[in-house]
Amino acid sequence: MLDIIKYYWRWLATVFSFIIFGVGGVLLPIIALPILYCVPATALIREERAHAVIHHTFRFYIAMMRRLGVLSYDIEGESKLKNAQLILANHPSLIDVVFLIALVPNANCVVKGRLAKNVFTRGSIRTAGYIINDNNEHVIEMAADAFLKGHALIVFPEGTRSTPGEKLTLKRGAANIAIRAKAEITTVLIECKPATLTKSDPWYKIPKTKAHFKIQVKDKIDVRSYLADGPPSVAARKLTTDLTDYFNTELILND
777 MLDIIKYYWR
787 WLATVFSFII
797 FGVGGVLLPI
807 IALPILYCVP
817 ATALIREERA
827 HAVIHHTFRF
837 YIAMMRRLGV
847 LSYDIEGESK
857 LKNAQLILAN
867 HPSLIDVVFL
877 IALVPNANCV
887 VKGRLAKNVF
897 TRGSIRTAGY
907 IINDNNEHVI
917 EMAADAFLKG
927 HALIVFPEGT
937 RSTPGEKLTL
947 KRGAANIAIR
957 AKAEITTVLI
967 ECKPATLTKS
977 DPWYKIPKTK
987 AHFKIQVKDK
997 IDVRSYLADG
1007 PPSVAARKLT
1017 TDLTDYFNTE
1027 LILND
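In this note's numbering, the protein residues as written are 777 to 1031.
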């Protein structure tokens, strides 16, 4: 009986959390934009302020979900995100990006074009100047610009959420950014047990027990050795292969 009560409490708390996220996604730019544009500042400073607002909002959000009992989490190596450039993470759950932005105050992101049109996310994306993934060359140029500004760029190299129990397949976009922008990589391993908010699960379908997220920030990867492998396309292909092997091996070892 107690387990049933806990389950329905978590379901109600999950619904509440999604409502808060949706309402916040609509209200945040309405409240933040006038303030950001009324206070005299450069475009770069406005962007950095927007990043800080979203960072603190997401920190509050994940703390709220933990307090409500929706989920729990452990974070290892958070200090390694300091001065990170290109942050590459696997993508098992819908809220992975919420965790990462909550951990990185100066985070920029590469986001899908459809999210820039979604009523609940477009305001925050535009306010923060996140990079829209609509053209490969454009993304690489914008990524290089983000690094010059001192931003940390979050990318999920799979391009979409992974399927539980299957090996990861990485696309070449993240490696192209690393090679062409000569950016240092910081990898992040995200595990969620039991699986929740996966690509195949509707948001309201929650696991029988509370989901626990384990987030590990690993050591940096210097891409300079790949630059001697020939043209950027060849180096990116080699780096993608090595990153695919790396993520799959590490996730198996942590299982």
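Glycine included, C-beta positions come from ideal geometry on N, C-alpha and C.
Original post:
So what's Ile997 in DSSP terms, helix, strand or just coil?
Top reply: Reading the sequence shown from its first residue, position 221 is the one you call residue 997. Note: Ile997 maps to strand in three-state DSSP.
**OP:** Report yes or no: do the region 912-920 and the region 843-851 share at least 3 C-beta pairs separated by less than 8 Å?
**Re:** no
**OP:** If I'm right that Trp785 touches Gly845 with Cβ under 8 Å, what's the distance once you round it to whole angstroms?
**Re:** Sequence index remark: in the sequence shown, residue 785 carries index 9 (1-based). Sequence index remark: in the sequence shown, residue 845 carries index 69 (1-based). That belief holds up - the Cβ atoms of Trp785 and Gly845 are roughly 7 Å apart, short of 8 Å.
**OP:** Using only alpha-carbon positions, find the residue among Thr972, Ala919, Pro978 that is nearest to Glu960.
**Re:** Translated into positions along the sequence shown, residue 960 becomes position 184. Ranking the options by Cα distance to Glu960, first place goes to Ala919.
Subject >> Sequence-distant residues of the same chain with beta carbon closer than 7 Å to Thr1032, five excluded per side >> reply: Residue 1032 is absent from the model: the chain starts at 777 and stops at 1031.
Subject >> Residue burial classification, Gly905 (beta-carbon count within 10 angstroms, cutoff 16) >> reply: Sequence index remark: in the sequence shown, residue 905 carries index 129 (1-based). The residue is buried, with at least 16 neighbouring Cβ atoms inside 10 Å.
Original post:
Which value, in whole angstroms, describes the spacing of the CA atoms of Ile955 and Ile966?
Top reply: Within the sequence shown, the letter at position 179 stands for residue 955. Within the sequence shown, the letter at position 190 stands for residue 966. Their Cα atoms are separated by approximately 24 Å.
Subject >> Ile838 - containing alpha helix (DSSP H), residue span >> reply: As a first step, residue 838 is located in the sequence shown; it is residue number 62 there, counting from the start. Here the alpha helix (DSSP H) through Ile838 covers 819-844.
Original post:
So what does DSSP say about Leu944, is it helix, strand or coil?
Top reply: Taking the sequence shown and counting its residues from 1, the one referred to as residue 944 is at position 168. Leu944: coil per DSSP, three-state reduction.
**OP:** Verify whether the separation of the beta carbon atoms of Asn882 and Ala928 is less than 9 Å.
**Re:** To locate residue 882, count along the sequence shown from 1; it is residue 106. To locate residue 928, count along the sequence shown from 1; it is residue 152. Their beta carbons are under 9 Å apart, which means Asn882 touches Ala928 by this criterion.
Original post:
When DSSP labels each residue in this structure, what does Val887 get in the three-state scheme?
Top reply: Taking the sequence shown and counting its residues from 1, one reaches residue 887 at position 111. Correct three-state label for Val887: strand.
**OP:** Can you tell me which of Lys984, Ile1028, Pro868 puts its alpha carbon nearest to the alpha carbon of Ser976?
**Re:** Within the sequence shown, numbered from 1, the residue matching residue 976 stands at position 200. For Ser976, the nearest C-alpha among the options comes from Pro868.
Original post:
Residues in its own chain within less than 7 Å of Ala828 by CB, not counting five upstream and five downstream?
Top reply: As a first step, residue 828 must be located in the sequence shown, where it is residue number 52. Cβ within range, chain order: Pro881.
Original post:
Which class does Ser1009 belong to by DSSP, given the choice of helix, strand or coil?
Top reply: Position 233 of the sequence shown holds residue 1009. In this structure, Ser1009 counts as helix in the three-state DSSP scheme.
Original post:
What separation, rounded to the nearest whole angstrom, lies between the Cα atoms of Cys814 and Ala971?
Top reply: Here residue 814 refers to the residue found at position 38 when the sequence shown is read from its first residue. Here residue 971 refers to the residue found at position 195 when the sequence shown is read from its first residue. Cα-Cα distance, rounded: 44 Å.
Original post:
What do you reckon, are the CB atoms on Ile930 and Ile863 nearer than 9 Å?
Top reply: As a position in the sequence shown, residue 930 is number 154, starting the count at 1. As a position in the sequence shown, residue 863 is number 87, starting the count at 1. Yes.
**OP:** Answer yes or no: do Phe1023 and Leu973 have a C-beta to C-beta separation smaller than 9 Å?
**Re:** Position 247 of the sequence shown, counting from 1, holds the residue named residue 1023. Position 197 of the sequence shown, counting from 1, holds the residue named residue 973. No; because the gap between Cβ atoms is not below 9 Å, this pair is not in contact.
**OP:** Give the secondary structure of Ile982 by DSSP, where H, G and I count as helix, E and B as strand, and everything else as coil.
**Re:** Counted from its first residue, the sequence shown places residue 982 at position 206. Coil.
**OP:** Put Leu973 into one of helix, strand or coil per three-state DSSP.
**Re:** Counting from 1 along the sequence shown, the entry for residue 973 is found at position 197. Three-state result, Leu973: coil.
Original post:
Alpha carbon to alpha carbon, how far is Thr985 from Asp1021?
Top reply: On the sequence shown, position 209 is the one that residue 985 refers to. On the sequence shown, position 245 is the one that residue 1021 refers to. Thr985 and Asp1021: Cα-Cα distance of roughly 31 Å.
Original post:
Does the ligand MG have even one heavy atom less than 8 Å from the beta-carbon of Trp787?
Top reply: Absent from the structure shown: the ligand MG. Ligands present: none.
**OP:** Compute the distance between the beta-carbons of Val886 and Asn909, then report whether it is under 9 Å.
**Re:** As a working note, residue 886 is residue 110 in the sequence shown. As a working note, residue 909 is residue 133 in the sequence shown. Yes; because the gap between Cβ atoms is below 9 Å, this pair is in contact.
Subject >> Inter-residue Cα distance where the pair is Leu876 and Val964 >> reply: Along the sequence shown, read from residue 1 onward, the residue named residue 876 stands at position 100. Along the sequence shown, read from residue 1 onward, the residue named residue 964 stands at position 188. Cα-Cα distance, rounded: 9 Å.
Subject >> Ala860 - DSSP class collapsed to helix/strand/coil >> reply: Mapped onto the sequence shown, residue 860 falls at position 84. Three-state result, Ala860: coil.
Original post:
Which word fits Leu879, buried or exposed, when buried means at least 16 other C-beta atoms lie within 10 angstroms of its C-beta?
Top reply: Residue numbering aside, residue 879 sits at position 103 when the sequence shown is read from its first letter. Per the 10 Å Cβ criterion, buried.
Original post:
Ends of the alpha helix (DSSP H) at Val873?
Top reply: Position 97 of the sequence shown, counting from 1, holds the residue named residue 873. Run containing Val873: 872-879, per the alpha helix (DSSP H) assignment.
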